[in-house]
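Per this note's numbering, residue 0 is the first one in the sequence shown, and the count goes up by one each step. From the three backbone atoms N, C-alpha and C, an ideal C-beta is built for every residue, glycine too.
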Amino acid sequence: MTRRIAFIALPILLLAAGIIWILRGGDGPGPMELPGRGAHFAVVVALEPSTGPLEARVEIEPAVKAEVSLFGVMPHMGHTTPEIPARDDGTGRYVARGELFTMPGAWEIHIRVQGAAGTEVIKVNTLVGT
0 MTRRIAFIAL PILLLAAGII WILRGGDGPG PMELPGRGAH FAVVVALEPS
50 TGPLEARVEI EPAVKAEVSL FGVMPHMGHT TPEIPARDDG TGRYVARGEL
100 FTMPGAWEIH IRVQGAAGTE VIKVNTLVGT
């Protein structure tokens, strides 16, 4: 009987440990690349989705001179973060530093791109850990 319990309990314990490890961050999410597209621009945002100050790298296509900024929205909680301006880091590349996410959960990153082709806000989604 104890052998039977061990065969049932061991996989359950291993599964529970794996779930806890994933929920607590595992080895950390690492940088993510989040693509988005609007009418005039395509963007890729690279960042580690975590709370607190972070660095977000944005690439836009076409690679033109533009003003770029980011802000976070957590729709189901009604949270938004202040807009963070991104500095030019080479043709079509921009870097923003600041706090995009105030708590873990499902967030939208809104990227405002203002260039010669017009201004648009492109949305990408991410899941933020602690």
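- Query: So what does leucine 69 bridge to, in DSSP terms?
  - Reply: If you number the sequence shown from 1, residue 69 lands on position 70. Leucine 69 pairs with Ile83 and Ile110.
- Message: For a test of the three-state rule: what should DSSP assign to threonine 135, helix, strand or coil?
- Response: Given that the chain is displayed from residue 0 to residue 129, the structure contains no residue 135 and the question cannot be resolved.
- Query: In the DSSP assignment, what are the bridge partners of histidine 78?
  - Reply: Position 79 of the sequence shown, counted from the start, is the residue given in the question as residue 78. In the DSSP output, where bridge partners are listed per residue, histidine 78 has Met73.
- Query: Apart from the five residues on each side of it in sequence, which residues of its chain come closer than 8 Å, Cβ to Cβ, to valine 123?
  - Reply: As a position in the sequence shown, residue 123 is number 124, starting the count at 1. Closer than 8 Å at Cβ, skipping near neighbours: Leu33, Pro34, Gly35, Val42, Val44, Glu107, Ile108 and Ile110.
- Query: If we count the other Cβ atoms within 10 Å of its Cβ and call it buried at 16 or more, is glutamate 82 buried or exposed?
  - Reply: Translated into the one-based positions of the sequence shown, residue 82 becomes position 83. Under this definition glutamate 82 is an exposed residue.
- Query: CA-CA distance, methionine 31 and isoleucine 11?
  - Reply: Position 32 of the sequence shown, counted from the start, is the residue given in the question as residue 31. Position 12 of the sequence shown, counted from the start, is the residue given in the question as residue 11. As the crow flies, the alpha-carbon of methionine 31 is around 31 Å from that of isoleucine 11.
- Name the two residues that bound the continuous beta strand (DSSP E) containing alanine 41. Translated into the one-based positions of the sequence shown, residue 41 becomes position 42. That run of the beta strand (DSSP E) goes 41 to 46.
- Skipping 5 residues on each side, what residues in its chain have a beta carbon closer than 7 Å to that of glutamate 66? For the purposes of this step, residue 66 is taken as residue 67 along the sequence shown, with counting starting at 1. Same-chain partners within the cutoff: Gln113.
- Message: Whole angstroms are fine: how far does the CA of leucine 69 sit from the CA of glutamate 119?
- Response: Your numbering for residue 119 matches position 120 in the sequence shown. Your numbering for residue 69 matches position 70 in the sequence shown. Rounded to the nearest angstrom, the two C-alpha atoms are 12 Å apart.
- Since leucine 99 and glycine 71 are thought to touch, with beta carbons under 8 Å apart, how far apart are those beta carbons, to the nearest angstrom? Taking the sequence shown and counting its residues from 1, the one referred to as residue 99 is at position 100. Taking the sequence shown and counting its residues from 1, the one referred to as residue 71 is at position 72. About 4 Å separates the two Cβ atoms, so the contact holds.
- Message: Using 8 Å as the threshold, is the C-beta distance between glutamate 54 and phenylalanine 40 below it?
- Response: One-based indexing of the sequence shown puts residue 54 at position 55. One-based indexing of the sequence shown puts residue 40 at position 41. No. Outside cutoff.
- Query: Nearest CA to the CA of threonine 50: which residue from Gly97, His78 and Thr101?
  - Reply: Position 51 of the sequence shown holds residue 50. The option with the nearest alpha carbon to threonine 50 is Thr101.
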